[in-house]
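Heads up: the structure comes next, in structure tokens.
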Amino acid sequence: MQLDLFQWETIELGEGCQNLGRLRFAEARQHFAKALELCPDCPGAKRGQEETEFWEGSLAEADRLPAEKALVFLWERIDAFSFSSSVYHLALRQSLLRHLLSILSGMDGADVWCHPPALCRGVLHLQLDENVEAGRSLRVLTRRWPDNGLLRRHLGDALWRQGRQDAARSEYAAALLLAPGELAAETIPVPGLREIFMEQDPALAPIYGYFAGILPLVELETEPKTFEARACEYLRQAELARTQGHHPSMLSARRALKDHAPEILAEYLEWLGRG
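By the count of my numbering, the sequence shown reaches residue 281 at its end, each step adding exactly one.
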């Protein structure tokens, strides 16, 4: 059976896209050029040529940079590029992320390297849906930088995807206390949390999430720095003392919460009354 020109053009275009997705630029160029020979107005082939030139040039430029600068340069290129939902664009993005991991693996101290706000080995694994590896790497980094709320959010995502939801909820609560404005908080997957965001500032979500039974009260590893984080710490101390039956400590924590955030104490006492 003889194929018509349209079918040959489609085959060449598909081969070009597959090779671009694997970062095989020379082969991609050849197939896109052949598709254009068969159909000079083929928009997919023209776009494929442009993308091949862009990414081949980007990787070549990164090769001339020191490793850390190359990582940042390529990460910014990936972040700014308009990837579609097509299979080949998914493959292209994954190949680029793996290229970043290969650069990172050749660096000294790769396990603890992090470029603000959160370019690191763990985030690259997370974006590749390699959640166990992401969790291990992010755990190392959150111990090194316990005040980085965005890293805590990413660790929560890695744990959530592994089905470790209780551990993930703790990381999400810590992230909201540390950096509520950096997290795209509305995308946190805890059921019921979005409804809290509709009524409360994300920084208060750990408190109201606890009242709703969807987030735990967590102890930060460093001194709470914000009004909301301090209020949550006083609440945590009050609840810990109450559940342990330590009445003097409970009263002391409640007094501190009353002095700091009387409206939260009032809602806390109302919550206790409903229980």
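Don't be surprised by glycine CBs; every beta carbon is placed ideally from N, CA and C.
Can you tell me the Cα-Cα spacing of Q243 and D153, whole angstroms?
-> Taking the sequence shown and counting its residues from 1, the one referred to as residue 243 is at position 237. Taking the sequence shown and counting its residues from 1, the one referred to as residue 153 is at position 147. Rounded to whole angstroms, Q243 to D153 spans 20 Å at the Cα level.
Sorry if obvious, but does the Cβ on P152 come closer than 7 Å to a heavy atom of the ligand GTP?
-> With respect to the ligand GTP, the structure offers nothing, as it holds no ligand at all.
Thinking just about the alpha-carbon of each residue, which of D265, A247, Q250, E227 is nearest to the one in A237?
-> Taking the first residue of the sequence shown as position 1, residue 237 is located at position 231. The residue from D265, A247, Q250, E227 with its alpha-carbon nearest to that of A237 is D265.
6 Å CB neighbourhood of A180 in its chain, flanking five on each side removed = In the sequence shown, counting from the first residue as 1, residue 180 sits at position 174. If we look at A180 and ignore the five residues flanking it on each side, its Cβ neighbours are R158, V224.
From which residue to which residue does the alpha helix (DSSP H) around K231 run?
-> Position 225 of the sequence shown holds residue 231. That residue, K231, is in no alpha helix (DSSP H); it is neither H nor E in DSSP.
Pull up the CB-CB distance for L19 and S101, whole angstroms please, since I reckon it's below 8 Å.
-> The residue given as residue 19 occupies position 13 in the sequence shown. The residue given as residue 101 occupies position 95 in the sequence shown. Actually they are not in contact, since the Cβ atoms of L19 and S101 sit about 19 Å apart, beyond 8 Å.
Taking Cβ positions, are H160 and A185 nearer each other than 8 Å?
-> Translated into positions along the sequence shown, residue 160 becomes position 154. Translated into positions along the sequence shown, residue 185 becomes position 179. Their beta carbons are not under 8 Å apart, which means H160 does not touch A185 by this criterion.
Expected contact under 8 Å - CB spacing of L42 and A51 to nearest Å | Residue mapping note: residue 42 aligns to position 36 of the sequence shown, counting from 1. Residue mapping note: residue 51 aligns to position 45 of the sequence shown, counting from 1. Indeed, because the Cβ distance is near 5 Å, the residues count as touching under 8 Å.
Is the number of C-beta pairs between the region 90 to 108 and the region 71 to 81 that are closer than 8 Å three or more?
-> Taking 8 Å as the limit for Cβ pairs, the verdict is that the region 71 to 81 does touch the region 90 to 108.
Starting from L125, follow its DSSP beta bridges and name the residues at the other end.
-> What you label residue 125 is simply residue 119 of the sequence shown in a count that begins at 1. Looking at the DSSP assignment, L125 forms a beta bridge with H121.
Is I270 near L241, with beta carbons less than 8 Å apart?
-> Sequence index remark: in the sequence shown, residue 270 carries index 264 (1-based). Sequence index remark: in the sequence shown, residue 241 carries index 235 (1-based). Between I270 and L241, the gap from beta carbon to beta carbon is short of 8 Å.
Excluding five sequence neighbours on each side, which residues of the same chain lie with their C-beta closer than 6 Å to the C-beta of E62?
-> Within the sequence shown, numbered from 1, the residue matching residue 62 stands at position 56. Here the set comprises F31.
Where Q55 falls, given that 16 or more other Cβ within 10 Å makes a residue buried | Position 49 of the sequence shown holds residue 55. With a 10 Å radius around the Cβ and a threshold of 16 neighbouring Cβ atoms, Q55 comes out buried.
When we look at the beta-carbon of T58 and count the other beta-carbons within 10 Å, is it buried (16 or more) or exposed?
-> The residue you call residue 58 lines up with position 52 of the sequence shown. Buried, by the Cβ-count rule.
So what's L134 in DSSP terms, helix, strand or just coil?
-> Walking along the sequence shown from the start, residue 134 turns up at place 128. If DSSP states are grouped into helix, strand and coil, L134 belongs with coil.
Smallest Cα separation from L170: which of G141, R99, Q24?
-> Residue numbering aside, residue 170 sits at position 164 when the sequence shown is read from its first letter. One point to set straight first is that residue 170 is Arg, not Leu, in the sequence displayed. Measuring from the Cα of R170, the nearest candidate turns out to be G141.
Could you have a look at H37 and say whether DSSP puts it in helix, strand or coil?
-> Your numbering for residue 37 matches position 31 in the sequence shown. Helix at H37.
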